[in-house]
Amino acid sequence: MMGPNMERIRLYFCRTRKSFTKYKLGTVILLVFLYFVWNVPVMTIFDLCDRPHYISMEFTGGVGNKMFQYAMMYASSRDKALTMATELPIELTDVFNVDEAISNTQVAKLRKFYCFKTIEDARDCAFESNVTTTKNDGDIHFKGYFQSWMYWVTYENELRAIFQIKSNITAKAQRYIGDLLLKNNITKQELEDLVFIGIHIRGGDMLTPSKQDFGYQIATEQYIHNAVGYFNGRFRKTIYIVCSNNMIWAKSVLSKYANMKYVENMTWELDMAILSLTNHSIMTVGTFGWWIAWLTGGQTVYYKYPFRPGSELSKMYSSTQKDHFYPSWVGLE
Ligand SMILES: *[C@@H]1O[C@H](CO)[C@@H](O)[C@H](O)[C@H]1NC(C)=O
Ligand SMILES: *[C@@H]1O[C@H](CO)[C@@H](O)[C@H](O)[C@H]1NC(C)=O
Ligand SMILES: *[C@@H]1O[C@H](CO)[C@@H](O)[C@H](O)[C@H]1NC(C)=O
Ligand SMILES: *[C@@H]1O[C@H](CO)[C@@H](O)[C@H](O)[C@H]1NC(C)=O
Ligand SMILES: *[C@@H]1O[C@H](CO)[C@@H](O)[C@H](O)[C@H]1NC(C)=O
200 MMGPNMERIR
210 LYFCRTRKSF
220 TKYKLGTVIL
230 LVFLYFVWNV
240 PVMTIFDLCD
250 RPHYISMEFT
260 GGVGNKMFQY
270 AMMYASSRDK
280 ALTMATELPI
290 ELTDVFNVDE
300 AISNTQVAKL
310 RKFYCFKTIE
320 DARDCAFESN
330 VTTTKNDGDI
340 HFKGYFQSWM
350 YWVTYENELR
360 AIFQIKSNIT
370 AKAQRYIGDL
380 LLKNNITKQE
390 LEDLVFIGIH
400 IRGGDMLTPS
410 KQDFGYQIAT
420 EQYIHNAVGY
430 FNGRFRKTIY
440 IVCSNNMIWA
450 KSVLSKYANM
460 KYVENMTWEL
470 DMAILSLTNH
480 SIMTVGTFGW
490 WIAWLTGGQT
500 VYYKYPFRPG
510 SELSKMYSST
520 QKDHFYPSWV
530 GLE
């Protein structure tokens, strides 16, 4: 007689306790077979439920969203000793040091057999402590945006290693900056007290009618001038490296300044790598610019009004927004 398929039986027992109550008779018959027919030792039967628990994430949105989602999942997996079981988006695996924790087929199987408890954040751009304090007694599936550094600040150093941009991309970015200095005849001596400031201008894609209805706003021209003024007031010699998905507007706003260098027609990962090599950041709105500022690690200036006051989007933030923007970052209008 053929032996039992222990893997399937393990999945049956581990799926959820509901299996036992829902299929009482089936469970009893299975136990009888395990013990009397297949002579499986009692201890092994008890051990059937002893398995690691898993954590997964529903990745959605642009790359900045996905970085927040990954960071949230990573920190929770460390806090709760859960194994990450999720299909990672290629934007993350192609560009950063994130490893596939578990293969895609294995993930599919786990998600089919185990009951992941879905936990969703109520406010996408704020820290929600009740999301993190969920009892640690099973498999967790996160759904949401989790746009707060507070979820993972304890693991920030580990995340810096994970979100290190792959070396071939960084090498290209370094060559780009090197060429730019050469083209502008910047000498080694001049370079010594030159401060690089990255500007990321997120443009019109935030202004679709549905996004505007929800409350999205983009940075104003006045904000950009205030932000440039902020750094010009602090450093004697500056050079600005500008990336934007609305370069025509960016150039028209910045045309009155001499020391602006525009990075055009690059891939998003090169934009990110080039800007992260600068010393300080001017962000406008959006999570892509947020992560560039984080990767850069210098002083950051952000636009204070990424949402229209009173809008649905405004309710996604806390009143101070300091759980979304780092308290040390400077908000200007
Ligand atoms: C956390 O608390 C908020 C506000 O009280 C609530 O809306 C939300 O459903 C809670 N979330 C979870 C996962 O318990
Ligand atoms: C970096 O290398 C990977 C393979 O390791 C390749 O897929 C990718 O296109 C390269 N990126 C650049 C910008 O050269
Ligand atoms: C850099 O120097 C070269 C040679 O002296 C000159 O032709 C070129 O115009 C200079 N470029 C800039 C941006 O000043
Ligand atoms: C970037 O692409 C646009 C549209 O194809 C083109 O007009 C522009 O000259 C390019 N800029 C650079 C610096 O290559
Ligand atoms: C600015 O960044 C460059 C390139 O990363 C670095 O070599 C330089 O030391 C930095 N300068 C300052 C003043 O931090």
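Under the numbering used here, the first residue of the sequence shown carries the number 200, and numbering increases by one thereafter.
Where a beta carbon is used, it is the ideal one built from N, C-alpha and C, also for glycine.
Small disclaimer: the values here were computed from a predicted structure and weren't measured.
In the DSSP assignment, F434 is bridged to no other residue.
Counted as a single uninterrupted DSSP element, the stretch harbouring Y415 is not any alpha helix (DSSP H), since DSSP gives it neither H nor E.
The three-state secondary structure of D293, taken from DSSP, is helix. A residue is listed when its beta-carbon falls short of 6 Å from at least one non-hydrogen atom of ligand 3; in chain order these are N383, N384. Any heavy atom of ligand 4 within less than 6 Å of a residue's beta carbon puts that residue on the list, which reads E463, N464.
A direct Cα-to-Cα measurement between M272 and P203 gives close to 36 Å.
Counting the other CB atoms within 10 Å of its CB gives M205 a total below 16, which places it among the exposed residues.
With a cut-off of 8 Å on Cβ pairs, the segment 467 to 485 is in contact with the segment 502 to 510, counting three or more such pairs. With 5 Å as the limit, the residues whose C-beta approaches any heavy atom of ligand 2 more closely are N367, I368, in sequence along the chain. Not one heavy atom of ligand 5 sits closer than 7 Å to the Cβ of F430. Taking 3 residues as the minimum length, the beta strand (DSSP E) runs contained wholly in the segment 448 to 532 are 459 to 461, 479 to 481, 499 to 502, 529 to 531, in order along the chain. Contact between G402 and I417 is confirmed by a C-beta separation of about 6 Å, below the 8 Å threshold.
In terms of side-chain proximity, the C-beta atom of V352 is found no nearer than 7 Å to any non-hydrogen atom of ligand 1. At the C-beta level, F315 and D293 stay beyond 8 Å of one another.
Around the beta carbon of S518, fewer than 16 other beta carbons lie within 10 angstroms, which makes this residue exposed.
Counting only runs that start and end inside the segment 320 to 346, the beta strand (DSSP E) elements of at least 3 residues fall at 338 to 342.
Around the CB of R322, 16 or more other CB atoms lie within 10 Å, so the residue is classed as buried.
Contact check between the segment 373 to 381 and the segment 350 to 364: fewer than three CB pairs, one atom from each, fall below 8 Å, which does not count as touching.
Ligand 1 has a heavy atom closer than 7 Å to the beta-carbon of E327.
The C-alpha of I385 lies about 12 Å from the C-alpha of N458. For the 8 Å CB-CB criterion, F326 and D522 form a contact.
Nearest to H252 by C-alpha distance, out of M465, S276, L281, is L281. Taking 7 Å as the cut-off, the C-beta of L474 does not count as close to any heavy atom of ligand 5. Annotation: the continuous alpha helix (DSSP H) that includes V227 extends over 223 to 231.
Inter-residue distance for Y344 and Q268 is about 6 Å (C-alpha atoms, whole angstroms). Cβ neighbours of A360 within its own chain (closer than 7 Å, five residues either side excluded): N296. At a cut-off of 7 Å, the beta-carbon of N458 does not count as near ligand 5: no heavy atom of the ligand is closer than that. In the DSSP assignment, M271 falls within the alpha helix (DSSP H) that extends over 262 to 279.
Under the 10 Å beta carbon count, P288 is surrounded by 16 or more other beta carbons and is classified as buried.
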